[in-house]
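Residue numbers (numbering that gives the first Met the number 0), protein chains in the order written: chain Y, 0 to 231; chain F, 0 to 166; chain U, 0 to 435.
Each residue gets a CB set at the ideal place from its N, CA and C atoms; glycine is no exception.
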Amino acid sequence: MSEQTQHRWGMAIDLDRCTGCQACVAACHAENNLAVSDPASAAKGRAVHWIRVDRYYEGEFPDVRVKYRPVLCQQCDEAPCEPVCPVYATYHNDEGLNVQVYNRCVGTRYCGNNCPYSVRFFNWFDPVWAEPLPLQHNPDVSIREGGVMEKCTFCVQRISRAKDDARADGRPLQDGDVQPACVQSCPAEAMVFGDLNDPESKVSQWAKSGRSTKLLEELGTKPKVFYLERAR
Amino acid sequence: MSLYLAGTFRTKEAAVQAIRELRASGYGPGDLTVFSDEPAEFPRGVLDRPSHMSLAVVLGAVVFFVLVVAFVYFTQYNYKLVTGGMPIFSFWPAGVVFFEMTMLGAILMAFGWFIWESGLLRRDKSVPVPAIEPELICLRVRCAAEQFETIAAALENAGARNVGKLA
Amino acid sequence: MAPAPIPYHQVRDDLWRPLKGASKRYTLTLALLSAVALWGLIAWGYQIRVGIGVAGIRRPVFWGFYLVDFVFWIGISHAGTLISAILRLTDADWRKPVTRAAEAITVFALMIGGLFPLIHLGRVWLFYWLFPYPNSRLLWPNFRSPLMWDVTAISTYLTGSVIFLYLPLIPDVAQLAEHARGWRLRLYKVLALGWTGSDREWHALERAMKLMAGIILAVAVSVHSVVAWDFAMAIAPMWHSTIFAPYFVVGAIFSGLAGLIVALTIVRKTMRLESYLTPHHFGNLAKLLLLMSLLWLYFTFAEHLTVWYGNEPKEMSVFGARVSGRFSPEFWAMVVVNFVVPFVLLGIRRLRSIRTAAIASIGVLAGMWLERYLIIVPTLSMPRLSAAWGRYSPSWVEISITLATFAAMAALYLVFAKIFPIVSVWEFEPHTQEEE
């Protein structure tokens with residue numbers, strides 16, 4: 000314990016590398032036991048994507064530019080979703096994660112309304128997977144029942160696993176030990192994840208880059224996802 | 000041995016007159032009770048019943064305020080959860096809760112003090128109560144048996160009807 | 000001002016007559032209303048069983064009809080507070096026959112409105128976690144949350160309103176007890192608390208009523224401010240506005256007054272209380288309604304002008320949708336029934352009557368419901384990141400429950416008017432003992 004320094008998890012996404020392939024979306028689904036929806040419920044706004052790729056088109060054909068931005072929970076240090084939960088189902092832990100406690104949530108959905116990034120999702124029903132999908136479930140992640148709010152956790156189960164492994168091996172956690180599913184799966188290597196308290200970590204380096212921006216920074220939410228994009 | 004007698008008045012002035020005379024003879028607000036089917040509003044000094052209700056309500060409010068602030072403070076520190084980067088306990092975000100509970104203290108005290116001050120639930124069942132006559136004012140006097148005649152005469156002089164002992 | 004005073008026995012007969020027996024029309028109406036209310040209950044049960052997804056709410060519109068209904072009914076509850084508290088404090092005697100009808104609306108509207116925080120919960124069976132009680136997890140509720148403010152505010156307001164309704168009822172039930180039989184006798188005797196009409200009791204009652212009027216006024220203002228802050232404390236576009244608290248309070252008094260006028264019109268006709276609820280009363284209420292309509296218009300205008308002039312992009316999306324886009328039919332319908340109709344019907348003296356007051360009030364009720372809808376849904380449909388924009392449409396469950404609350408309100412009111420005199424007898428009779 001005494002060798003463990005306080006972590007502060009953060010992520011950096013290089014938008015100039017992102018191709019919008021959505022491998023991160025698929026990986027997140029697989030890793031976190033996300034509910035699957037059909038076209039009807041998706042059209043009804045019931046689809047769940049903890050990480051999604053927002054697409055924006057600029058200009059008219061043939062001078063169209065498409066911009067991709069993977070949006071996930073920004074784990075804001077001053078998260079607007081946290082103070083409004085009446086039962087403390089979402090709070091900030093000491094590693095800087097915005098934690099969602101499934102079995103405390105009563106489902107008022109105020110947090111979903113107050114998130115300016117619209118990254119929170121609600122379980123409208125108990126989730127159902129058509130066979131054989133339940134065989135693919137990740138045993139490290141709980142299944143959320145209907146009436147409970149959920150969102151990206153920075154793959155907290157992988158963080159815990161990596162910390163446990165490091166402790167078992169008697170070594171400190173190293174940069175690159177923790178890789179959320181989305182970061183791991185990105186073919187363009189556009190995403191990095193790590194400890195912002197470690198100045199040597201890749202995410203700290205990327206965050207200090209001249210191209211580093213934050214989404215909706217003017218709201219003062221202090222997000223911990225850094226988007227690297229060419230200054231325009 | 001005290002007994003109760005009562006007489007009914009048509010007008011407020013007659014009742015006030017009778018009460019003034021009886022008070023001059025030494026009968027106090029404890030011996031005199033007026034019954035009516037609507038609030039009997041006499042001029043000042045006739046039959047005042049001092050009340051501490053306002054003070055009690057303020058006290059109730061203050062007590063609830065102190066209790067709720069302490070409660071919120073101790074519960075929020077009991078299990079420290081950081082939300083939105085805000086301090087564990089801060090006065091103004093919970094200020095509404097403090098206000099409402101303060102008002103609740105005032106409300107409960109107002110109701111409770113009303114029950115107490117009106118003497119409703121702790122009425123002595125052995126004391127006779129005249130039937131409330133609509134549009135009439137009934138004055139009940141508690142006096143010693145020997146005084147009965149004098150009081151009855153005084154009431155009748157002031158214009159009371161149906162003067163008699165209450166069973 | 001008043002016509003020749005009605006003799007006391009007539010007053011009592013007239014005001015007690017509706018309590019006796021139940022006409023066929025009454026029973027039929029009550030049965031119909033109860034059926035609709037029951038259907039709503041079944042719909043809610045279905046929702047709990049199958050999942051809240053049977054309602055039309057979705058991401059990003061996490062709050063829909065249920066929150067609209069919540070704000071609407073809490074708003075209606077301000078009827079009693081305005082009439083009873085404000086007019087009591089200003090010694091406006093004309094309010095006397097109207098107070099109990101208004102206070103009853105308050106209590107029932109609060110009971111119904113207070114159900115919606117339960118109805119909209121995802122896991123309603125755990126609703127008690129919003130109350131502070133010691134538990135093995137050592138957890139307490141988050142008092143910082145505006146929803147917790149709601150819990151405390153509405154509980155306090157409900158407690159206060161029930162007491163405020165009950166206190167002036169005591170002398171009436173004491174009188175009723177002397178002439179009742181059977182279950183009514185038992186009920187009235189218990190509620191009368193042994194009231195004898197002594198001057199000590201009267202003084203205590205009047206003092207308590209005066210204090211309660213002041214307290215309940217403060218609580219009512221805070222309650223609807225708190226409900227407004229459920230939205231204003233959020234940083235969603237066009238929600239995060241400082242005007243919301245007074246805007247909602249004014250809107251609440253406005254809708255509460257409209258509800259009261261509708262209730263009184265029906266009560267007056269069906270219980271034949273024409274001599275007690277006179278055109279004079281309706282005239283005053285109509286003028287108040289007109290005043291509130293103008294105030295509402297002022298707040299609405301100020302809010303919209305500020306947003307439009309500020310031209311902040313995220314807010315302008317919502318503004319545009321409301322005023323000229325997807326929601327514009329509802330928006331302009333709201334302006335017409337909230338302002339134009341009352342202004343014409345109640346502002347032109349020749350047109351002002353009990354009937355037009357009732358028509359204007361029904362319009363205002365619809366308009367104020369629409370106003371709450373237009374505050375909640377457009378903002379949530381258009382969050383800051385436009386990739387997350389969505390559309391909302393209610394499902395049969397939400398519609399059923401909404402309609403059921405109107406039926407339940409009417410049913411509760413009908414039952415109340417059968418058990419207690421809807422016009423306060425002891426307050427009505429012209430005081431023979433004091434000057435007018």
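Item checked: Span separating the alpha-carbon of ASP30 of chain F from that of ALA179 of chain U -> If you number the second sequence from 1, residue 30 of chain F lands on position 31. If you number the third sequence from 1, residue 179 of chain U lands on position 180. Across the structure, ASP30 of chain F and ALA179 of chain U are spaced so that their CA atoms are roughly 32 Å apart.
Next item on the list: Using a Cβ cut-off of 8 Å, pull out every chain F residue sitting near ASN134 of chain U, in sequence order please.
Entry: Working through the third sequence from its first residue, we reach residue 134 of chain U at position 135. In chain order: nothing, as chain F lies at least about 11 Å away.
Item checked: Residue interval of the alpha helix (DSSP H) (run including THR94 of chain F) -> Counting from 1 along the second sequence, the entry for residue 94 of chain F is found at position 95. A small fix is needed here, since residue 94 of chain F is Gly in this sequence, not Thr. Unbroken alpha helix (DSSP H) run through GLY94 of chain F: 94-117.
Checklist line | Residue range of the unbroken alpha helix (DSSP H) whose run includes MET291 of chain U | finding: Taking the third sequence and counting its residues from 1, the one referred to as residue 291 of chain U is at position 292. Counting along the chain, the alpha helix (DSSP H) containing MET291 of chain U begins and ends at 278-309.
Notebook entry, point to check: Can you list, in chain order, the residues of the stretch 97-126 of chain Y whose Cβ is nearer than 9 Å to any Cβ on chain F?
Noted result: none
Next item on the list: Go ahead and pull the three-state DSSP assignment for CYS154 of chain Y.
Entry: Within the first sequence, residue 154 of chain Y is the residue found at index 155, counting from 1. Here CYS154 of chain Y sits in coil by DSSP.
Notebook entry, point to check: So which residues of chain U does ASN77 of chain F contact, with C-beta pairs closer than 8 Å?
Noted result: Residue 77 of chain F sits at position 78 when you count from the first residue of the second sequence. Simply LEU137, TRP139.
Item checked: Chain-ordered chain F contacts of PRO131 of chain U [CB-CB under 8 Å] -> Position 132 of the third sequence, counting from 1, holds the residue named residue 131 of chain U. Result: PHE70, THR74.
Margin query: Any beta carbon from chain Y within less than 9 Å of ILE51 of chain U's own beta carbon?
Written below: To locate residue 51 of chain U, count along the third sequence from 1; it is residue 52. Taking Cβ atoms only, chain Y reaches closer than 9 Å to ILE51 of chain U, which makes this a yes.
Next item on the list: Compute the beta-carbon to beta-carbon distance between THR404 of chain U and TRP148 of chain U, rounded to the nearest angstrom, for a pair I have assumed lies under 8 Å.
Entry: In the third sequence, counting from the first residue as 1, residue 404 of chain U sits at position 405. In the third sequence, counting from the first residue as 1, residue 148 of chain U sits at position 149. With a Cβ gap of about 23 Å, THR404 of chain U and TRP148 of chain U do not count as contacting.
Checklist line | Inter-stretch contact at 8 Å, needing at least 3 Cβ pairs: the stretch 74-90 of chain F / the stretch 163-183 of chain U | finding: no
Notebook entry, point to check: alpha helix (DSSP H) containing SER202 of chain U: first to last residue?
Noted result: Start at 1 with the first residue of the third sequence, and residue 202 of chain U comes out as number 203. The residue asked about is misnamed: residue 202 of chain U is His in this sequence, not Ser. Segment 198-231, the alpha helix (DSSP H) holding HIS202 of chain U.
Item checked: Beta-carbon neighbours of CYS84 of chain Y, restricted to chain U and to distances below 7 Å -> Walking along the first sequence from the start, residue 84 of chain Y turns up at place 85. Those within 7 Å of CYS84 of chain Y in chain U are ASN141, SER144.
Margin query: Given this structure, state the Cα-to-Cα distance separating VAL81 of chain F from CYS151 of chain Y, to the nearest angstrom.
Written below: Along the second sequence, read from residue 1 onward, the residue named residue 81 of chain F stands at position 82. Along the first sequence, read from residue 1 onward, the residue named residue 151 of chain Y stands at position 152. One C-alpha to the other measures close to 19 Å.
Checklist line | Bounding residues of the alpha helix (DSSP H) (the contiguous stretch that carries ARG24 of chain U) | finding: Within the third sequence, the letter at position 25 stands for residue 24 of chain U. First-last of the alpha helix (DSSP H) with ARG24 of chain U: 23-49.
Checklist line | Contact with chain Y by PRO92 of chain F, beta-carbon distance below 9 Å | finding: Within the second sequence, residue 92 of chain F is the residue found at index 93, counting from 1. So yes, PRO92 of chain F belongs to the interface.
Notebook entry, point to check: What number of angstroms, rounded off, separates the C-alpha of GLN9 of chain U from the C-alpha of PHE415 of chain U?
Noted result: The residue you call residue 9 of chain U lines up with position 10 of the third sequence. The residue you call residue 415 of chain U lines up with position 416 of the third sequence. For GLN9 of chain U and PHE415 of chain U, the distance between alpha carbons rounds to 22 Å.
Margin query: Judging by CA-CA distance, which residue of F:SER35, F:LEU46, F:ALA60, F:ALA130 is the nearest neighbour of THR155 of chain U?
Written below: Here residue 155 of chain U is taken as the residue at index 156 of the third sequence, counted from 1. Of the listed residues, the one whose Cα sits closest to THR155 of chain U is F:ALA60.
Next item on the list: For THR102 of chain Y, name the three-state secondary structure that DSSP assigns.
Entry: Sequence index remark: in the first sequence, residue 102 of chain Y carries index 103 (1-based). Rather than Thr, the amino acid found at residue 102 of chain Y in this sequence is Asn. The three-state secondary structure of ASN102 of chain Y, taken from DSSP, is helix.
Notebook entry, point to check: So, does the CB of PRO116 of chain U fall closer than 9 Å to a CB anywhere in chain Y?
Noted result: Taking the first residue of the third sequence as 1, we reach residue 116 of chain U at position 117. Yes, because at least one Cβ of chain Y sits closer than 9 Å to the Cβ of PRO116 of chain U.
Note to self: Under 7 Å, CB to CB, which of the residues in the stretch 199-224 of chain U have a partner in chain F?
What the structure shows: ARG199, GLU200, TRP201, HIS202, ALA203, LEU204, GLU205, ARG206, ALA207, LEU210, MET211, ILE214, ALA217, VAL218, SER221
Check: Could one say the Cβ of GLU329 of chain U lies closer than 9 Å to chain F's Cβ atoms, at least one of them?
Finding: Here residue 329 of chain U refers to the residue found at position 330 of the third sequence. By this cut-off, GLU329 of chain U is not an interface position.
Next item on the list: Give the residues of chain Y in contact with LEU120 of chain U, contact being defined as C-beta atoms less than 8 Å apart.
Entry: Locating residue 120 of chain U in the third sequence gives position 121, where the first residue counts as 1. Within chain Y, the residues near LEU120 of chain U are VAL105, GLY106, THR107, GLY146.
Check: Which runs of the beta strand (DSSP E) fall wholly inside the stretch 12-64 of chain Y and span at least 3 residues, in chain order?
Finding: 51-57
Notebook entry, point to check: Checking contacts by CB at 9 Å: is VAL81 of chain F closer than that to chain Y?
Noted result: What you label residue 81 of chain F is simply residue 82 of the second sequence in a count that begins at 1. Judged by the 9 Å Cβ criterion, VAL81 of chain F is in contact with chain Y.
Checklist line | Contacting positions in the stretch 55-73 of chain Y - beta carbon closer than 9 Å to chain U | finding: Of all residues in the stretch 55-73 of chain Y, TYR55, ARG68, VAL70 have a Cβ within less than 9 Å of some Cβ in chain U.
Next item on the list: Starting from MET100 of chain F, find everything on chain Y with Cβ-Cβ shorter than 9 Å and list it in chain order.
Entry: If you number the second sequence from 1, residue 100 of chain F lands on position 101. Going along chain Y, no residue has its Cβ under 9 Å from MET100 of chain F, so there is no contact; the nearest lies around 16 Å.
Notebook entry, point to check: Helix, strand or coil for ASP197 of chain Y per DSSP?
Noted result: By 1-based counting over the first sequence, the position of residue 197 of chain Y is 198. ASP197 of chain Y falls in the coil class under three-state DSSP.
Next item on the list: Kindly indicate the opening and closing residues of the alpha helix (DSSP H) around HIS8 of chain U.
Entry: The residue labelled residue 8 of chain U in the question sits at position 9 within the third sequence. Looking at the DSSP string, the run of the alpha helix (DSSP H) that includes HIS8 of chain U is 7-15.
Margin query: What does the alpha-carbon distance come out to for the pair VAL70 of chain U and TRP295 of chain U?
Written below: For the purposes of this step, residue 70 of chain U is taken as the residue at position 71 of the third sequence. For the purposes of this step, residue 295 of chain U is taken as the residue at position 296 of the third sequence. Their Cα atoms are separated by approximately 16 Å.
Notebook entry, point to check: Expressed to the nearest angstrom, what Euclidean distance is found between the alpha-carbon atoms of SER184 of chain Y and GLU130 of chain Y?
Noted result: On the first sequence, position 185 is the one that residue 184 of chain Y refers to. On the first sequence, position 131 is the one that residue 130 of chain Y refers to. Rounded to whole angstroms, SER184 of chain Y to GLU130 of chain Y spans 25 Å at the Cα level.
Check: Who are the neighbours of GLY196 of chain U on chain F, taking C-beta pairs under 7 Å?
Finding: On the third sequence, residue 196 of chain U is found 197 positions in, with the first residue counted as 1. Within chain F, the residues whose beta carbon sits less than 7 Å from that of GLY196 of chain U are PHE34, SER35, ASP36, ILE131, listed in sequence order.
Note to self: So, for TRP38 of chain U: in the same chain, excluding its five sequence neighbours on each side, which residues have a beta-carbon less than 7 Å away from its beta-carbon?
What the structure shows: The residue you call residue 38 of chain U lines up with position 39 of the third sequence. Contacts found: SER399, ALA403.
Note to self: Whole angstroms are fine: how far does the CA of VAL105 of chain Y sit from the CA of GLY94 of chain F?
What the structure shows: Looking up residue 94 of chain F in the second sequence gives position 95. Looking up residue 105 of chain Y in the first sequence gives position 106. Distance between the alpha carbons of GLY94 of chain F and VAL105 of chain Y: 24 Å.
Item checked: Residue burial classification, ASP13 of chain U (beta-carbon count within 10 angstroms, cutoff 16) -> In the third sequence, residue 13 of chain U corresponds to position 14, counting from 1. It counts as buried.
Check: Under a CB-based cut-off of 9 Å, is ARG11 of chain U close to chain F?
Finding: Residue mapping note: residue 11 of chain U aligns to position 12 of the third sequence, counting from 1. Answer yes: the Cβ-Cβ gap between ARG11 of chain U and chain F drops below 9 Å somewhere.
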